[in-house]
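Here the structure comes first, spelled out in structure tokens, and everything after it is commentary.
There are 2 protein chains.
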Amino acid sequence: MRRAGLQTITDFLPTQSGEGLSPGTYSTPKDRAVDQVDTGYLQSLLGYNARRAALSIIENFVAGMAEFELRPVDFSVLSVIHHNPGITSRQLCATLSIQPPNLVGMVHRMQQRKLISRLPHPHDGRAMGLHLTPEGLSMAQRAEQKAFKLEEKSAERLNPAERSQLIQLLQKIYL
Amino acid sequence: MRRAGLQTITDFLPTQSGEGLSPGTYSTPKDRAVDQVDTGYLQSLLGYNARRAALSIIENFVAGMAEFELRPVDFSVLSVIHHNPGITSRQLCATLSIQPPNLVGMVHRMQQRKLISRLPHPHDGRAMGLHLTPEGLSMAQRAEQKAFKLEEKSAERLNPAERSQLIQLLQKIYL
DNA sequence: TATTGTTATACTCTATAACTATA
DNA sequence: TATAGTTATAGAGTATAACAATA
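Heads up: the sequence lines are chains F and R, in that order. Letter 14 of the first sequence, counting from 1, is numbered 14 in my numbering, and no numbers are missing. Basically my numbering = 1-based index in the second sequence + 175.
Here it is, written out as structure tokens:
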């Protein structure tokens, strides 16, 4: 299964922070072994750190949400419907940057699990409104509670002020 | 191609920050349309923000590195070899959390592009040391310079102190 | 017996094209 | 003509199993 693969890095990257390391030239002795790998340069890159931290949190999240059989994306879908009853597939896709064809299966499976129901849209005959069933609501509430505990675990080395500042800084990047 | 897909969310998630929103119960009128999607809950989750920020940076990075034909992972491989000449495939895999079979092709392609060379390991006949060619060194230097510019762009709304604090906080999550 | 590098391969995720029904 | 939802499908990423060569 690929979900465990979220711990893999494969995507990461960028560039130097304010006082970062110099990209300078390195002498390359071709006959010496590397005993300790120097990751200092990558660790000076914001993108590398963001990716690594995100993967760490996701890994923890995946493990903790296994009991509900919810992948991160499933949790998000459930949660967005929870807080936006009647939302359409299209709105959900726009909100979570999911391609419409890729949402179809997720919604279908959640419907089979009796977590969500699709009702006619009040004034658009093409669309369907997504709602939680009582079971879905119960699971959303329990999953959100669990998510809170998992977040506490991931951020255990941050105090409340740091945690909220971290979120603020992250939002300055992408919002 | 999938690289563009990095803007897709699919993975995100977690839980509530210190003073986050209440997961509480919501009334669900089944006959009303959603006009404005409320993303407040997800935005209170550290993991969601980390994932979104990482994707934003990656998207910017992918676009900016296109001129070098380097994906983020290629950049990281090149950069780690740059700063650790003679590193083995195995060490590289451990450093970047790449599965060994998935590194083979990357190394092979970079070798074909004359960016890296593989030399016998000084005291382990099974292993090969990875080194940059002169062309590889030149590209690593230029790419790292470009990465710095791209990072400045991604973090343009952060001052130097905020940028370095963001990195510190991220490292408290995963290190 | 364990490890390095490798091949082959399966599975998951993501994107695009094209269709239908309705607006 | 444009949009919501859908089907089919291609492509990229990631994982595991198994092997030869060397430690």
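C-beta: ideal position from N, C-alpha, C; glycine also.
- 7 Å or more divides the Cβ of V37(F) from the Cβ of G261(R).
- Sequence-ordered contacts of the stretch 282-297 of chain R with chain F read L294, H296 and P297 [C-beta pairs closer than 7 Å].
- For P101(F), there are no neighbours in chain R by C-beta distance under 9 Å, as the nearest C-beta there is about 12 Å away.
- Judged by their CB atoms, H306(R) and K30(F) are nearer to each other than the 7 Å cut-off.
- Residues of the same chain with a CB within less than 8 Å of the CB of T308(R), apart from the 5 flanking positions on each side, are K289, L290, I291 and S292 in chain order.
- Between the stretch 249-261 of chain R and the stretch 308-326 of chain R, the count of Cβ pairs shorter than 8 Å is three or higher; the stretches touch.
- For E337(R), the C-beta contacts it makes with chain F under 7 Å involve L169, in order along the chain.
- Judged by pairs of C-beta atoms under 8 Å, the stretch 62-79 of chain F touches the stretch 90-106 of chain F, as three or more such pairs exist.
- The distance from the Cβ of S329(R) to that of I232(R) is about 5 Å, consistent with a contact at the 8 Å cut-off.
- Counting C-beta atoms within 10 angstroms of its own C-beta, G125(F) has fewer than 16 neighbours from the protein chains shown and is therefore classed as exposed.
- Looking at the backbone, the Cα of R226(R) and that of I348(R) are separated by about 13 Å.
- Taking all protein chains in view, the Cβ of K324(R) is surrounded by fewer than 16 other Cβ atoms within 10 Å, so the residue is classified as exposed.
- In terms of CA proximity to E144(F), L70(F) leads the group E59(F), L70(F) and L170(F).
- In the structure shown, L290(R) falls within a coil segment according to DSSP collapsed to helix, strand and coil.
- As for any alpha helix (DSSP H) of minimum length 4 sitting wholly inside the stretch 55-94 of chain F, the runs are 72-83, ordered along the chain.
- Residue state for G304(R) is assigned as strand, using DSSP reduced to three classes.
- Membership of E327(R) in the alpha helix (DSSP H) is indicated by the continuous run P309 to S329.
- With fewer than 16 neighbouring CB atoms inside 10 Å of its own CB, N277(R) falls in the exposed class.
- Assignment of P120(F) by DSSP, reduced to helix, strand and coil, places it in the strand class.
- K146(F) and A66(F) have their C-alpha atoms spaced approximately 11 Å apart.
- Residue-level contact by beta carbon holds for L341(R) and chain F, with a gap shorter than 7 Å.
- Take the alpha-carbon of H296(R) and the one of T95(F): they are about 50 Å apart.
- S97(F) and L341(R) have their alpha carbons spaced roughly 25 Å apart.
- Collapsing the DSSP output to three states places L350(R) in coil.
- In the three-state reduction of the DSSP assignment, L42(F) falls in the helix class.
- Each residue's CA atom was taken as its position, placing F61(F) and L55(F) some 10 Å apart.
- Neighbourhood of L217(R) in chain F, by CB distance below 8 Å: S76, S79 and V80, in chain order.
- The C-beta of L245(R) comes no closer than 7 Å to any C-beta of chain F.
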